[in-house]
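Worksheet: one structure, shown below.
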Ligand SMILES: [Zn+2]
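In the working numbering, the protein residues as written are 31 to 417.
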């Protein structure tokens, strides 16, 4: 029910992914709406959201009282707990962009996350229910306003990976932006974030992976490592482009194919594994072409010079670690916050501080900027904040 003329009541709890990365799941109460922003867990299960804080007064008796779940993008640390939550939050409307929904289906279903836990006898029933839960996700396009009882919500393009969205929530008196993971520059497969010029918000819940890394310098795309790859290929070596994350594999594949297409790298067969191939296929269904004619699935035959993307390769392959960040740098985070100058910044999803660096360095940096008058919350997992 809308509270005409009354002040909105906001409370926030990071259930995971507060001052750490791994299980991004944020509870936001707006009056009588109980919202989850993302539902992540870490791929190895080490991080899982902790719901104990919100399953007691003054919050909820059961997760069935959750009213909406918004999924910002399809990285595992933002979707991994979806299956659990879809079984617990049976009354929640779940919203995602069409690409995020397709990737979520693919990553959680085809890549076997499903088959890890239900006991044999319950598996079929569980799988049918889980598949139905994904299919029932409500697709929301960028810039499309959705009117809900306590607030309206709009998704905006976040960059970062295809389908990623920022979530903008408005009541009569409050405007809140949840950035999700985002990027301030064009990536391999995305543009930078896109927000309307006129947008304003009083509260920003920001994923700030590099908020404690003022000195970190990491490439923005895999091409920064290609000089070494070029030298190795020209010497006749086979190379393994090592990626730690499956979803980063498709960015590496796309960049490698582009470089070979433009003759910046010698064109040789590129091998990918089955999982990456399935992911690329899914992207192609969403009209984002990744694979080329010289891409193959599996292990290269003996004696053939090849590039391989993944984690393992035959012993004679020269390993090249391909490391790049899809997140804003420290400086970009400071500029982004300064540009929109919300009254309150709720910082989440931060990597641990660089050695000899104050954990609140971003706040200190902004305090030195004369236009900055807001205040910072470094949200700790499990703590309750009134906003
Ligand atoms: Zn991400």
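We put the CB at the ideal spot given by N, CA and C, even for glycine.
8 Å Cβ cutoff met for residue i and residue j
i: residue 100; j: residue 67; result: yes
i: residue 40; j: residue 59; result: yes
i: residue 417; j: residue 42; result: yes
i: residue 316; j: residue 194; result: no
i: residue 225; j: residue 276; result: no
i: residue 333; j: residue 302; result: no
i: residue 206; j: residue 186; result: no
i: residue 249; j: residue 366; result: no
i: residue 285; j: residue 252; result: yes
i: residue 411; j: residue 45; result: yes
i: residue 375; j: residue 340; result: no
i: residue 103; j: residue 211; result: yes
i: residue 184; j: residue 174; result: yes
i: residue 240; j: residue 77; result: no
i: residue 168; j: residue 110; result: no
i: residue 112; j: residue 93; result: no
i: residue 327; j: residue 304; result: yes
i: residue 399; j: residue 362; result: no
i: residue 65; j: residue 97; result: yes
i: residue 289; j: residue 258; result: no
i: residue 242; j: residue 394; result: no
i: residue 322; j: residue 287; result: yes
Whole-angstrom C-beta distance between residue j and residue i, which should lie under 8 Å
i: residue 384; j: residue 245; result: 6 Å
i: residue 170; j: residue 176; result: 6 Å
i: residue 263; j: residue 296; result: 5 Å
i: residue 364; j: residue 338; result: In fact, because the Cβ distance is near 39 Å, the residues do not count as touching under 8 Å.
i: residue 336; j: residue 178; result: With 8 Å as the limit, residue 336 and residue 178 do not qualify as a contact, their Cβ atoms being about 52 Å apart.
Contact set for residue i: own chain, Cβ-Cβ below 6 Å, skip 5 residues either direction
i: residue 54; result: 47, 68, 70, 107, 108 and 379
i: residue 351; result: 272
i: residue 145; result: Because residue 145 sits at a pLDDT of 45, beneath the cut-off of 50, its placement in the model cannot be relied upon, and the following sentence gives the value as read from the coordinates. Excluding residues within five positions, none has a Cβ falling inside 6 Å.
i: residue 162; result: none
i: residue 373; result: 232 and 404
i: residue 199; result: 181, 183 and 206
i: residue 208; result: 67, 197 and 235
i: residue 56; result: 44 and 67
i: residue 313; result: 320
i: residue 95; result: 64
Close beta carbons around residue i, own chain, < 7 Å, minus the five adjacent residues each side
i: residue 61; result: 33, 38, 39 and 180
i: residue 51; result: 107, 239, 379 and 381
i: residue 201; result: 38, 60, 180 and 181
i: residue 357; result: 211, 213, 239 and 240
i: residue 402; result: 368, 371 and 396
8 Å CB neighbourhood of residue i in its chain, flanking five on each side removed
i: residue 331; result: none
i: residue 415; result: 41, 42, 43, 376, 407 and 409
i: residue 254; result: 354
i: residue 91; result: 85
Exercise. For the stretch 188-199 against the stretch 211-225, are there 3 or more C-beta pairs whose distance is under 8 Å?
Worked result: yes
Problem set entry | Around ligand 1, Cβ to any heavy atom closer than 5 Å, ordered along the chain | 105 and 211
Exercise. How about the stretch 222-239 and the stretch 115-127: do they share at least three Cβ pairs that are nearer than 8 Å?
Worked result: no
Exercise. Is the stretch 341-349 touching the stretch 249-268 in the sense that three or more CB pairs, one from each, lie closer than 8 Å?
Worked result: yes
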